[in-house]
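A short worksheet on the structure shown next.
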Amino acid sequence: NAGVTQTPKFQVLKTGQSMTLQCAQDMNHNSMYWYRQDPGMGLRLIYYSASEGTTDKGEVPNGYNVSRLNKREFSLRLESAAPSQTSVYFCASSERTLGYEQYFGPGTRLTVT
Amino acid sequence: AQKVTQAQTEISVVEKEDVTLDCVYETRDTTYYLFWYKQPPSGELVFLIRRNSFDEQNEISGRYSWNFQKSTSSFNFTITASQVVDSAVYFCALTLWADRGSTLGRLYFGRGTQLTVWP
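Listed in order, the protein sequences are those of chains A and B. Residues 3 to 115 in the numbering used here are what the first sequence spells out, letter by letter. Residues 29 to 147 in the numbering used here are what the second sequence spells out, letter by letter.
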């Protein structure tokens, strides 16, 4: 099992460009999440999907959109990248939403110039 | 509101020393889960332990042990006989059992403690 996979691993964008971060899990988990990690800030939730077909905003959703393509895949889109979105992005999944540990992907390091 | 505080930003120890990472949490809910994650220099987040609010029994796994005390709202993590491979950022996190109108299933993370173990 690969667990949670993310592509790409690294990306450099110019201000205003768009891109989609891909995430897939092979653990048959129902819930999936997108976080961003900034120095000294811990991880902050951007969007989550409690189950296939549903998505909801997290703590810092502005500037992002998500798609739960199927049970396995959950993508994060930046429509018009800004330097403030320079961060490391982590996708995670869990069996259920309430009380279960989340398993994280390897992360995507995004730089917006 | 939920909050997790890891007051120790950085800790340095020499190999074979014991080290305790502190975690203090705030919540008004009576049912919740606490977690510890490890982030080694390679960057991935590794799940270490989950503890529910009704289980205050301490847990030991090899050189790792966790002390959960509801009376002080703390969930501390001790590494015994530390090794260089323990060098990482360690995150404590909290999630609620019930949906209180806040983000369902959200993990509330502390800001992390950077542990450096010197040979």
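No residue lacks a Cβ here, since even glycine has one placed at the ideal position from N, Cα and C. This structure is a prediction, so every number in the text was calculated from the model and none was measured.
The DSSP assignment places 60-67, 74-80, 87-89, 92-97, 102-107 and 116-124 as complete runs of the beta strand (DSSP E) inside the segment 55-137 of chain B, in order along the chain (cut-off: 3 residues).
For the segment 46-64 of chain B, the set of positions with a beta-carbon nearer than 9 Å to some beta-carbon of chain A reads Thr59, Tyr60, Tyr61 and Phe63 in chain order. Closest by C-alpha distance to A:Ser96, out of A:Asn30, A:Gln19 and A:Ala4, is A:Asn30.
Three or more Cβ pairs drawn from the segment 5-21 of chain A and the segment 77-88 of chain A lie within less than 8 Å of each other, which places the two stretches in contact. Within the model, the alpha-carbon separation for A:Phe76 versus B:Leu73 is close to 18 Å. Under the Cβ criterion of 8 Å, A:Ala4 is not counted among the residues facing chain B.
Under DSSP, A:Thr22 forms a beta bridge with A:Arg79.
Collapsing the DSSP output to three states places A:Ser51 in a strand. The C-beta of B:Ile88 has fewer than 16 other C-beta atoms within 10 Å across all chains shown, which makes the residue exposed. Spanning the alpha carbons of B:Ser101 and A:Thr115 requires a straight line of approximately 42 Å. A:Arg98 is bridged by DSSP to nothing; it lacks a bridge partner. Cβ-Cβ separation between B:Thr33 and B:Gly140: approximately 11 Å, too far for a contact (criterion under 8 Å).
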